[in-house]
């Protein structure tokens, strides 16, 4: 078969010989090998379970609860007649200028109830 | 799942469906391994490269455009994976063409002829520039069009036509002494 750069048709004879020479045996075994090699990759993007979802919500939920508790303490402190009340620990923590740890804040608020 | 389109399987695989990914692998195993073999020569190394390509494609599924064909997108990744392996290795494994052997002419039985033809064809292919190898395999074996090959290779369409033309001319010259055997093998 003659050929030119303008030939748009595949050469079936050459194509068949090349396919025969390049095709490796046992494609199913190769596919299984690739699927096995891919197993660790699925771990990078797991489908989240309900427990994963809950854990995702837990931290912001705790922060929100702490913020509400702190607001409640401050509001109670600013009420008329509460001026004689000694500054409690959460307010003292805020006065330090550093961000208090959430756990410590919750314990303090709980103990002040 | 066998009736689904590649784009649908890719979307499922991207969402974590392993069976969909497995089906994509089975569908495209042949072209991926052949292109990798054309680039690297060595069958085992080609399988490693094809596997690298499939895994890279799995990681990059979010960048696959479902409006475009999956095959050329995957082949492009496999070509890159095979080229990376070729750059990393120190010694080229392909054997040069033995002129005396090619001129001797085949006389053994058909199985031996087929083996010899395959060996000579692989050796001749290994002598071609890499881009010509990829172009002729995609055009004459995988049935890709010039435009698709140009996109895979990131070259102009005219360059692909030229690559296919030169690759064919070289391979036909090398295989000329085997032509009678080639015609019998089918």
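Residue numbers (the working numbering), protein chains in the order written: chain A, 1 to 113; chain B, 1001 to 1186. Glycine included, C-beta positions come from ideal geometry on N, C-alpha and C.
What does the Cβ neighbour count give for residue i, buried or exposed, with the cut at 16 atoms within 10 Å?
i, result
"residue 1168 of chain B", "buried"
"residue 1182 of chain B", "Caution is warranted here: a pLDDT of 49 is assigned to residue 1182 of chain B, below 50, making its placement in the model unreliable, and the coordinate value is therefore given only provisionally. Classification for residue 1182 of chain B: buried."
"residue 101 of chain A", "exposed"
"residue 1163 of chain B", "buried"
"residue 1173 of chain B", "exposed"
"residue 1121 of chain B", "buried"
"residue 1072 of chain B", "buried"
"residue 1021 of chain B", "buried"
"residue 1146 of chain B", "buried"
"residue 68 of chain A", "exposed"
"residue 63 of chain A", "exposed"
"residue 1067 of chain B", "exposed"
"residue 1140 of chain B", "buried"
"residue 1161 of chain B", "buried"
Nearest by alpha-carbon distance to residue i: which of the options is it?
i, options, result
"residue 36 of chain A", "B/1037, B/1054, B/1034, B/1044", "B/1054"
"residue 1138 of chain B", "B/1128, B/1129, B/1149", "B/1149"
"residue 1032 of chain B", "B/1142, B/1063, B/1177", "B/1142"
"residue 1075 of chain B", "B/1156, B/1135, B/1166", "B/1135"
"residue 1157 of chain B", "B/1131, B/1121, B/1030, B/1087", "B/1131"
"residue 1047 of chain B", "A/61, A/72, A/58, A/31", "A/31"
"residue 24 of chain A", "B/1006, B/1017, B/1050", "B/1050"
"residue 1069 of chain B", "B/1140, B/1151, B/1129", "B/1151"
Roughly how many angstroms lie between the CA atoms of residue i and residue j, to the nearest whole one?
i, j, result
"residue 1089 of chain B", "residue 1038 of chain B", "16 Å"
"residue 1015 of chain B", "residue 1027 of chain B", "19 Å"
"residue 1010 of chain B", "residue 1035 of chain B", "21 Å"
"residue 106 of chain A", "residue 1002 of chain B", "56 Å"
"residue 43 of chain A", "residue 1024 of chain B", "19 Å"
"residue 1119 of chain B", "residue 21 of chain A", "8 Å"
"residue 17 of chain A", "residue 1175 of chain B", "10 Å"
"residue 1065 of chain B", "residue 10 of chain A", "27 Å"
"residue 1086 of chain B", "residue 1040 of chain B", "6 Å"
"residue 103 of chain A", "residue 78 of chain A", "24 Å"
"residue 1012 of chain B", "residue 1117 of chain B", "42 Å"
"residue 39 of chain A", "residue 1126 of chain B", "34 Å"
"residue 1042 of chain B", "residue 1081 of chain B", "14 Å"
"residue 1124 of chain B", "residue 1170 of chain B", "8 Å"
"residue 1105 of chain B", "residue 1113 of chain B", "Bear in mind that the predicted position of residue 1105 of chain B carries a pLDDT of just 46, short of 50, making it unreliable; the figure below should be weighed with that in mind. So the two alpha carbons sit approximately 10 Å from each other."
"residue 41 of chain A", "residue 73 of chain A", "49 Å"
"residue 1155 of chain B", "residue 1133 of chain B", "14 Å"
"residue 1061 of chain B", "residue 70 of chain A", "46 Å"
"residue 1102 of chain B", "residue 1004 of chain B", "Bear in mind that a pLDDT of 43 at residue 1102 of chain B, under 50, signals an unreliable position, so the number given afterwards is only what the model happens to contain. Answer to the nearest angstrom: the Cα atoms are 46 Å apart."
Counting along the chain, where does the alpha helix (DSSP H) carrying residue i start and finish?
i, result
"residue 1020 of chain B", "1018-1040"
"residue 1177 of chain B", "From DSSP, residue 1177 of chain B is part of no alpha helix (DSSP H); its letter is neither H nor E."
"residue 1141 of chain B", "Per DSSP, residue 1141 of chain B belongs to no alpha helix (DSSP H) and is neither H nor E."
"residue 35 of chain A", "27-42"
"residue 1059 of chain B", "1043-1059"
"residue 1087 of chain B", "1070-1088"
"residue 21 of chain A", "12-22"
"residue 1012 of chain B", "1006-1014"
Between residue i and the ligand FAD, is there a pair consisting of the residue's CB and a ligand heavy atom that are separated by less than 7 Å?
i, result
"residue 39 of chain A", "As presented, the structure is devoid of all ligands, the ligand FAD included, so that no description of it is given."
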